[in-house]
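Engineer: Attaching a single structure in structure tokens format; questions to follow.
There are 2 protein chains.
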Amino acid sequence: MSASVERQRLSAGDWELAALELIEEQGVAAVTVELLARRLGVTKGSFYWHFASRDALLEAALKRWEQLDTVGVIAQVDRIASPRERVVALFRHTSHEIREHVMFSALLRAMDHPAVQPVMQRVSQRRVAYLSAALRAAGLERTDAAHRAQLAYAAYVGMLQLIMQRMLPRPAHEDFEAYVEHVIDALVPPAS
Amino acid sequence: MSASVERQRLSAGDWELAALELIEEQGVAAVTVELLARRLGVTKGSFYWHFASRDALLEAALKRWEQLDTVGVIAQVDRIASPRERVVALFRHTSHEIREHVMFSALLRAMDHPAVQPVMQRVSQRRVAYLSAALRAAGLERTDAAHRAQLAYAAYVGMLQLIMQRMLPRPAHEDFEAYVEHVIDALVPPAS
DNA sequence: GGCTTACCATACGCAACAGTATGGAGACCT
DNA sequence: AGGTCTCCATACTGTTGCGTATGGTAAGCC
Chain A
2 MSASVERQRL
12 SAGDWELAAL
22 ELIEEQGVAA
32 VTVELLARRL
42 GVTKGSFYWH
52 FASRDALLEA
62 ALKRWEQLDT
72 VGVIAQVDRI
82 ASPRERVVAL
92 FRHTSHEIRE
102 HVMFSALLRA
112 MDHPAVQPVM
122 QRVSQRRVAY
132 LSAALRAAGL
142 ERTDAAHRAQ
152 LAYAAYVGML
162 QLIMQRMLPR
172 PAHEDFEAYV
182 EHVIDALVPP
192 AS
Chain B
2 MSASVERQRL
12 SAGDWELAAL
22 ELIEEQGVAA
32 VTVELLARRL
42 GVTKGSFYWH
52 FASRDALLEA
62 ALKRWEQLDT
72 VGVIAQVDRI
82 ASPRERVVAL
92 FRHTSHEIRE
102 HVMFSALLRA
112 MDHPAVQPVM
122 QRVSQRRVAY
132 LSAALRAAGL
142 ERTDAAHRAQ
152 LAYAAYVGML
162 QLIMQRMLPR
172 PAHEDFEAYV
182 EHVIDALVPP
192 AS
């Protein structure tokens, strides 16, 4: 089931990774100490040796996730020379990588939790700032780029919610492709 | 504090309204039987006379909310003759009414709950369908109108999340106004 | 004036979780 | 070989919140 099962002795990192897996599968609320312990084949006596509290685990796990996110998409797209193509590539890449969005959507549902909020805040502001800079490089002026970046990011977050939470029917593959092209057409400034 | 306080005998409707108030203030998770009873000046013995369970109350309250939502924005905007102006008015109205979004945002955070999901699904699909029809009347063809409606609604949902959950800094009034105009410019088709 | 109905109080049981106290077993040094 | 450190099991406490059982009281028939 999990890659980190079947070990005799655990480290704090093992608990963090198991927590991230569980968040991805069942959301933050499902991360209980005893369920995690069962999954790792130990009891909660072990957990409280590694962590002071459940919240301490969550913070550590989210810190780890934020680290991974920072070196994620941006690093891959950043080498594209043409500013406009860089933005387009960002949109397309975002639309096709499903896996990473599962985690993001799970965290989106847990914004109530005080440990989640600051992480999501930092991640979102970093992403919007990057997108805004890219749009400015692609020809928009400062405030337009900022507004367009917020609009695009809001559309991303919203569509993620709408589809993942089944508020809108999950579109067929080809229809979603057409939607993405529509979005690119509407939100990416034309080539200069 | 609440309008429904200071009554001797309660009806099921009083509990539903109190539940909606609580959801708006503190979210769905805060709706516990005993807290509600304290607010209404009674004990839980009363509650379980009116409702079979906490979930039954939630369903009844949400049903009531959905009713109110249906006759809400759409009815007010629908009388505007010009299709394009109707869409613009829809965008502007949505941007200025803050109060209603508080409830919507609270429900957005509770999509995990099985009673919330179908309500939000119906409401969202109804809104997207209306917006799509309006955009088509404003000159877009069928698939473009559908995609644009989804994009706009996703942007609404996403921006609501981003601001209400403090993932992005709450913009100054004038800056938000400029943002709304930017969105209208980007998403509403030009006058024919 | 008794009887029913509607609404509410009191006092439970129960399950889920967080967190604590304490001891034990193995690895590893010296 | 003895001691220490690390990791874990067991067995508790405490809280929160749902739901139930049962009795009480006021209002309205008859």
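First to last, the protein sequences are chains A and B.
At the far end of the first sequence sits residue 193, using the numbering used here, and the numbering has no gaps.
At the far end of the second sequence sits residue 193, using the numbering used here, and the numbering has no gaps.
Idealized CB from N, CA, C, for every residue including glycine.
#1: Whether or not the region 131–146 of chain B and the region 106–121 of chain A are in contact is what I'm after, with contact meaning three or more pairs of Cβ atoms, one per stretch, closer than 8 angstroms; do they touch?
#2: Specify, as a first and last residue, the run of the alpha helix (DSSP H) that Asp-15 of chain B falls within.
#3: In this structure, how does DSSP classify Met-168 of chain A when only helix, strand and coil are distinguished?
#4: Please classify Pro-170 of chain A as buried or exposed, where buried requires at least 16 other C-beta atoms within 10 Å of its C-beta.
#5: Counting only the same chain and skipping the five closest in sequence on each side, list residues whose C-beta sits under 8 angstroms from that of Leu-161 of chain A.
#6: For Leu-108 of chain A, which residues in chain B fall below 7 angstroms Cβ to Cβ?
#7: Name, please, each residue of chain B whose Cβ falls closer than 7 angstroms to the Cβ of Met-104 of chain A.
#8: Alpha carbon to alpha carbon, how far is Ala-62 of chain B from Gln-68 of chain B? Give it in angstroms, no decimals.
#9: Run through chain A and tell me which residues come within less than 8 angstroms of Asp-56 of chain B, C-beta to C-beta.
#10: Comparing the C-beta of Tyr-154 of chain B with each C-beta of chain A, is any distance below 9 angstroms?
#11: Does the region 26–44 of chain A come into contact with the region 71–85 of chain A, if we say contact requires no fewer than three beta-carbon pairs (one atom in each stretch) closer than 8 angstroms?
#12: Given this structure, state the Cα-to-Cα distance separating Glu-182 of chain B from Leu-188 of chain B, to the nearest angstrom.
#13: Do the region 46–66 of chain B and the region 12–32 of chain B make contact, defined as three or more Cβ pairs closer than 8 angstroms?
#14: Answer with buried or exposed for Trp-66 of chain A, where buried requires no fewer than 16 other C-beta atoms within 10 angstroms of its C-beta.
#15: For Leu-69 of chain B, decide whether its Cβ has a neighbour in chain A, counting only Cβ atoms nearer than 9 angstroms.
#16: Are Val-184 of chain A and Leu-152 of chain B touching if we call contact CB-CB under 9 angstroms?
#17: Give me, in chain order, the residues of the same chain whose beta-carbon lies closer than 7 angstroms to that of Ser-47 of chain B; leave out the 5 immediate sequence neighbours on both sides.
#18: Residues of the region 76–91 of chain B in Cβ contact with chain A at a cutoff of 7 angstroms, in chain order, please.
#19: Run through chain B and tell me which residues come within less than 7 angstroms of Val-158 of chain A, C-beta to C-beta.
#20: Do we get a CB-CB distance below 9 angstroms when we pair Thr-33 of chain B with the residues of chain A?
#21: Taking only three categories from DSSP, how would you classify Met-71 of chain B?
#22: Beta-carbon of Tyr-180 of chain B versus every beta-carbon of chain A: anything under 9 angstroms?
#23: Check for me: the alpha helix (DSSP H) holding Leu-141 of chain B runs from which residue to which?
#24: Going by beta-carbon coordinates alone, are Tyr-154 of chain A and Gly-159 of chain B separated by less than 9 angstroms?
#25: Applying a beta-carbon distance threshold of less than 7 angstroms, which residues of chain B neighbour Leu-188 of chain A?
#26: Could you check the C-alpha separation between Val-124 of chain A and Asp-70 of chain A for me, to the nearest Å?
#27: Does any residue of chain B have a CB that is nearer than 9 angstroms to the CB of Ser-133 of chain A?
#28: Hey, could you find the ends of the alpha helix (DSSP H) Arg-110 of chain A is sitting in?
#29: I want to see whether chain A comes within less than 9 angstroms of Leu-136 of chain B, judged by CB atoms only; does it?
#30: For Gly-28 of chain A, which option in A:Pro-172, A:Gln-122, A:Gly-73 and A:Gln-166 has the closest C-alpha, if you only look at C-alpha atoms?
#31: What residue from B:Ala-90, B:Ile-164, B:Trp-16 and B:Arg-137 has the CA that sits closest to Asp-240 of chain B's CA?
Structural biologist: Working from what's here:
#1: Using a Cβ-Cβ distance cut-off of 8 angstroms, the region 106–121 of chain A and the region 131–146 of chain B are not in contact, since fewer than three pairs of beta carbons, one from each stretch, lie closer than that value.
#2: 13–27
#3: coil
#4: Exposed: under 16 other Cβ atoms inside 10 Å.
#5: His-102, Phe-105, Ser-106 and Leu-109
#6: By Cβ distance, chain B contributes nothing, its closest Cβ being about 10 angstroms from Leu-108 of chain A, past 7 angstroms.
#7: Ordered by position in chain B, no residue passes the 7 angstroms Cβ test against Met-104 of chain A, which lies about 15 angstroms from the chain.
#8: 10 angstroms
#9: What Asp-56 of chain B touches in chain A: nothing, since even the nearest Cβ is about 17 angstroms away.
#10: yes
#11: no
#12: 10 angstroms
#13: yes
#14: buried
#15: no
#16: Cβ atoms of Val-184 of chain A and Leu-152 of chain B: closer than 9 angstroms.
#17: Correct list, in chain order: Leu-11 and Ala-38.
#18: none
#19: Result: Gly-159, Gln-162 and Leu-163.
#20: At a cut-off of 9 angstroms between beta carbons, Thr-33 of chain B makes no contact with chain A.
#21: At residue 71 of chain B the sequence reads Thr, which differs from the Met that was named. Residue state, collapsed to three classes: helix.
#22: yes
#23: Here Leu-141 of chain B belongs to no alpha helix (DSSP H), and DSSP marks it neither H nor E.
#24: Going by beta carbons, Tyr-154 of chain A and Gly-159 of chain B fall inside the 9 angstroms limit.
#25: Ala-187
#26: 8 angstroms
#27: no
#28: Counting along the chain, Arg-110 of chain A falls outside any alpha helix (DSSP H), and DSSP gives it neither H nor E.
#29: no
#30: With distances taken between Cα atoms, Gly-28 of chain A lies closest to A:Gln-166.
#31: As shown, chain B starts at 2 and ends at 193. That puts residue 240 of chain B outside it, with no answer to give.
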